[in-house]
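Participant:
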Ligand code: F6P
Ligand code: MN
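Below, the structure is given as structure tokens:
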């Protein structure tokens with residue numbers, strides 16, 4: 001089986017980008033180790049701090065954020081980073097060519113119940129941002145998802161897996177527990193166009209917009225409804241786990257617009273959750289949309305900006321979008 005390094009060479013990924021991907025992969029091995037030690041290492045539980053989005057930070061959110069930050073500072077290829085756990089962008093190396101956006105531990109509410117968590121990352125060029133050369137500001141990061149050079153996630157599950165795209169399909173690697181190498185176990189992940197499985201937090205049903213209400217109601221009607229087939233539901237409560245299932249066996253995952261808190265109509269973050277996942281999903285033959293706009297085409301306005309997400313099996317995403325009609329004028333402002 002190919003190692004990750006061999007795979008990057010076989011795909012002719014340039015040396016500096018390969019080095020950065022290997023640094024992220026190596027750090028994820030250390031994160032996997034920390035996560036597995038759990039209560040034995042005293043890393044479970046919350047801190048008294050909140051992140052910029054007002055969420056209480058878990059100890060592991062901070063530990064994993066620091067691990068990634070330290071590794072990226074040592075790497076030499078990184079100009080700057082943006083993280084779910086950092087209020088502002090962080091300047092790394094003057095001569096770095098890349099910007100890295102990451103969610104160091106997605107699904108961290110799952111930590112204390114020993115359930116799925118993962119790291120999500122997105123790599124952008126440092127040169128293409130709107131900021132003047134030599135100056136790193138938040139605007140340097142505000143590039144659409146189409147500008148991503150690579151993206152992926154590492155899932156800390158029963159086995160540790162890395163899903164990666166450099167724009168040449170999606171490859172899945174499994175961490176060998178004895179040799180500590182990521183080995184290629186699926187050379188071409190592919191999302192089936194049709195599915196009978198959906199993932200949504202049903203407890204928010206009364207807060208969704210009318211199109212999503214109707215779409216899910218029709219799925220629930222099964223064979224006697226307009227879709228004329230039965231659907232099953234899964235919800236892992238970690239985007240990384242739900243997207244991994246979609247990449248593995250198809251499905252539709254959505255965290256739609258809701259009016260539970262009118263100041264926060266969307267849950268997932270564009271730069272380090274929606275964009276990298278949308279890149280992977282499109283590379284595996286699926287689709288990713290907000291309901292109104294293709295995720296990878298969004299021009300970001302803020303590094304911590306949130307968006308609605310509907311992604312997965314192409315025909316099912318299209319079915320969902322058909323409920324959203326063509327009047328996009330009512331879309332709430334993103335913040
Ligand atoms: O990062 C946000 C996140 O943890 C996602 O990984 C996940 O899909 C979602 O929040 C879970 O939200 P909820 O609390 O509604 O289940
Ligand atoms: Mn997250």
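In our numbering, the protein residues as written are 1 to 335.
We put the CB at the ideal spot given by N, CA and C, even for glycine.
1) What ranges does the beta strand (DSSP E) occupy inside the stretch 179 to 214, keeping only unbroken runs of at least 3 residues that lie completely in it?
2) Find out if the Cβ-Cβ distance for the pair residue 23, residue 75 is shorter than 8 Å.
3) Are the CB atoms of residue 81 and residue 240 nearer to each other than 8 Å?
4) By DSSP, does residue 337 sit in helix, in strand, or in coil?
5) Opposite residue 287 in the DSSP bridges: which residues?
6) Can you grab the Cα-Cα spacing for the pair residue 210 / residue 314, in whole Å?
7) Count the other CB atoms within 10 Å of the CB of residue 223; is the residue buried (16 or more) or exposed (fewer)?
8) What I want to know is whether the C-beta of residue 250 ends up closer than 7 Å to one or more non-hydrogen atoms of ligand 1.
9) Going by DSSP, name the residue or residues bridged to residue 105.
10) In or out: residue 257 buried (at least 16 other Cβ within 10 Å) or exposed?
11) Please classify residue 37: is it buried, with 16 or more other beta-carbons within 10 angstroms of its beta-carbon, or exposed?
12) How should residue 110 be labelled, buried or exposed, when 16 other C-beta atoms within 10 angstroms of its C-beta is the threshold for buried?
13) At a cut-off of 7 Å, is residue 84 close to ligand 2 when judged by its beta-carbon and the heavy atoms of the ligand?
14) Excluding the 5 residues flanking residue 192 on each side, which residues of the same chain have their C-beta closer than 8 Å to its C-beta?
15) Whose CA, out of 290, 281, 266, lies closest to the CA of residue 306?
16) Whose beta carbon lies closer than 5 Å to any heavy atom of ligand 1, going through the chain in order?
17) Kindly indicate the opening and closing residues of the alpha helix (DSSP H) around residue 151.
18) With distances taken from CA atoms, which of 144, 120, 135 is nearest residue 151?
19) Determine the DSSP secondary structure at residue 333, reduced to helix, strand or coil.
20) By the three-class DSSP mapping on this structure, what secondary structure does residue 161 have?
Facilitator: The answer reads as follows:
1) 182 to 186, 197 to 199
2) yes
3) no
4) Residue coverage of the chain in this structure runs from 1 to 335, which leaves residue 337 outside it and unanswerable.
5) 312
6) 22 Å
7) exposed
8) no
9) Answer by DSSP bridge pairing: none, since residue 105 is not bridged.
10) buried
11) exposed
12) buried
13) yes
14) 249, 250, 313
15) 266
16) 106, 107, 201, 237, 238, 239
17) Careful: residue 151 lies outside any alpha helix (DSSP H), inside the beta strand (DSSP E) at 150 to 156.
18) 120
19) Annotation note: pLDDT 47 at residue 333 (below 50); position unreliable, no value reported.
20) strand
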